[in-house]
Structures are given as C-alpha cells and as structure tokens.
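Each residue of the sequence shown is one higher than the one before, starting from 15 at the first, in the numbering used here.
Even for Gly, the Cβ is constructed at its ideal location relative to N, Cα and C.
Keep in mind it's a predicted model, so treat the numbers as computed, not measured.
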Amino acid sequence: MLTQYNKRIIKLAIFDLDNTIIKIDSDYEMVNYLIDKDLIFEKYRKINENYFNSYEDGSLNIEYFSEFSLKPFIGMKQNDINLVLDDFYFKIIEPAFNQKLIKRINKHKKLNQDILLASATNSLIVSYIANKLGFKNFISSKVVFKKGICTGKVEKPHALGEGKLELVEKFLSDFNFNLSNACFYSDSKNDLPLLEAVYMPIAVNPDKYLKKFAKNKNWMIINN
C-alpha cells in the first residue's frame with residue numbers, strides 16, 4: 015500500500031517489465047514462440063535457455079543476446095513485425111500479466127503520478143506492450159531501423175544495469191522529474207543501480223540476491 019507520505023513525494027512510478035509486470039521473460043518467450051511457430055530452428059531453444067540462465071545469474075552478455083534474439087527480425091518493416099507482435103501479445107504476454115502490478119499501475123494513474131516502463135528487453139517488444147498498457151513513455155534497448163528496415167542492431171547503452179539507470183536519467187533530464195521523487199518496481203539484482211537511485215525501491219517477486227538485499231535495506235517487497 016502507498017502511504018500518505020509517499021503519495022505526496024512520488025511523482026513518477028517506474029516499472030520493470032519481465033518478471034515484474036508480467037510473470038515471464040518476454041525476450042526469452044519471444045524466441046520460444048518463434049521456434050514453436052517454425053519461424054526459426056529448434057536448435058535455438060537451447061541457446062535461448064543458456065542466455066536466460068546467464069541473465070538470472072548476472073553474467074549475460076547483452077550485446078550477444080540482442081544479436082541472437084533480434085536476428086529473426088532483420089530485414090523486416092515495422093508493420094510486418096507488428097503482425098508477429100499482435101499474436102505474441104495476445105497468446106503469450108496478456109495471459110502472463112501480474113494483476114497486482116496492473117493494479118499498482120492503475121493506482122499511480124489515479125493519484126495523477128506519471129508512469130514509466132523501463133526494460134532491458136528490445137524496443138520492438140517493449141514499445142508494443144507499453145502502448146497496450148497505456149505507458150506514454152518507456153525505456154528499452156532501442157533497436158535500430160534504417161530506411162524503415164530492422165537492422166537487428168541496438169543503440170548503446172543497452173537498458174540493462176547501469177545502462178538502464180543512464181537511460182532513465184537521460185529521460186529525467188528531458189522532463190520535470192527527479193529520482194528523489196520516483197519509485198521503481200523490479201524483480202532483479204540486475205536493476206540494483208536504478209533501485210538504489212530512486213526514493214522508493216520496491217522488490218517484486220525478487221530473485222534470491224535481490225530478496226536478501228531488499229530485506230537488509232528494509233525495502234518494500236511484493237510477493238504473489
């Protein structure tokens with residue numbers, strides 16, 4: 015529950031996406047979805063699993079994973095990508111919503127607090143979900159298009175760890191926000207740079223490391 019004190023201070027609520035707003039990892043699930051649809055080879059499932067495990071233990075090379083996960087979209091126009099995203103969203107993403115977090119998003123809106131989606135996932139996926147959930151602004155690993163065609167490349171920095179903090183701070187510099195008036199919901203130790211920078215860090219179904227860290231810091235923890 016947001017206290018009256020926090021209601022007065024919080025002006026911006028920042029939300030992580032994977033394993034926070036949704037109970038799955040959208041990047042990981044997208045690769046499996048494409049395999050299940052016979053759009054990419056079955057051999058990529060094991061590679062995808064290895065990348066997912068490296069994210070969880072904090073050793074992920076985000077550049078290598080981005081190249082891997084975006085490879086199926088190289089050469090595609092946004093409209094064609096959206097056709098894939100339409101089906102992926104309704105079959106995979108929507109059933110995985112964390113309803114506690116959906117209620118939190120709506121609560122911040124009712125309090126006239128701005129909301130920001132901040133995810134390390136690529137912008138193809140994040141922009142689509144942000145639009146569906148009513149986020150006017152989002153931070154993500156931005157995919158590069160040239161002449162309307164997806165290149166499979168991502169602008170630096172990637173929105174992971176210190177990179178996410180850097181991109182959020184850039185966003186704040188363009189608008190009338192400050193991290194001292196922000197809360198941030200996340201599940202992952204990878205988000206500690208931003209969690210430690212905001213006024214109100216909130217751990218959502220946290221991984222083992224973040225759970226221990228959050229308890230030691232007396233942060234709010236949401237489990238479901």
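{"Query": "Please confirm whether F198 and L206 have their CB atoms less than 8 Å apart.", "Result": "no"}
{"Query": "My understanding is that D41 touches T165, with C-beta atoms under 8 Å, so please give their C-beta distance in whole angstroms.", "Result": "18 Å between Cβ atoms; not a contact."}
{"Query": "From the DSSP secondary-structure annotation, give me the bridge partner or partners of L174.", "Result": "Answer is none; L174 lacks a bridge partner."}
{"Query": "Return the chain-ordered list of same chain residues with a C-beta closer than 6 Å to the C-beta of K156, the five sequence neighbours on each side being excluded.", "Result": "S137, E169"}
{"Query": "Could you name the residues that DSSP lists as bridge partners for N136?", "Result": "S155"}
{"Query": "Between the C-alpha atoms of N112 and Y142, what's the straight-line distance to the nearest angstrom?", "Result": "17 Å"}
{"Query": "Anyone know if the C-beta pair for Y213 and S187 falls short of 8 Å?", "Result": "no"}
{"Query": "For L179, which residues of its own chain have a beta-carbon under 7 Å away from its beta-carbon, when the five flanking residues on both sides are left out?", "Result": "P207, L208, A211"}
{"Query": "Whole angstroms is fine: what's the gap from V218's alpha carbon to D71's?", "Result": "17 Å"}
{"Query": "Could you tell me which residues DSSP puts in a beta bridge with I61?", "Result": "Answer is none; I61 lacks a bridge partner."}
{"Query": "From the DSSP output, read off the bridge partner residues of V218.", "Result": "I236"}
{"Query": "How far does the beta strand (DSSP E) with V168 in it extend, from its first residue to its last?", "Result": "163–168"}
{"Query": "Name the two residues that bound the continuous beta strand (DSSP E) containing S200.", "Result": "196–200"}
{"Query": "What does the Cβ neighbour count give for I88, buried or exposed, with the cut at 16 atoms within 10 Å?", "Result": "exposed"}
{"Query": "Whole angstroms is fine: what's the gap from W233's alpha carbon to K57's?", "Result": "41 Å"}
{"Query": "Note the first and the last residue of the continuous beta strand (DSSP E) segment covering F79.", "Result": "Note, F79: premise wrong, no beta strand (DSSP E); alpha helix (DSSP H) at 76–84."}
{"Query": "Terminal residues of the continuous alpha helix (DSSP H) containing L193?", "Result": "From DSSP, L193 is part of no alpha helix (DSSP H); its letter is neither H nor E."}
{"Query": "Report all residues from its chain with a CB closer than 6 Å to the CB of I38; omit the five preceding and five following residues, and keep chain order.", "Result": "A110"}
{"Query": "Would you please state the rounded distance, in angstroms, between the beta carbons of D201 and N67? I believe it to be under 8 Å.", "Result": "16 Å between Cβ atoms; not a contact."}
{"Query": "Given that a residue counts as buried once 16 or more other Cβ atoms are within 10 Å of its Cβ, and exposed if not, what is D128?", "Result": "buried"}
{"Query": "Which residue's Cα is closest to the Cα of I139: L31, N190, P171, N230?", "Result": "L31"}
{"Query": "Please confirm whether I28 and V182 have their CB atoms less than 8 Å apart.", "Result": "yes"}
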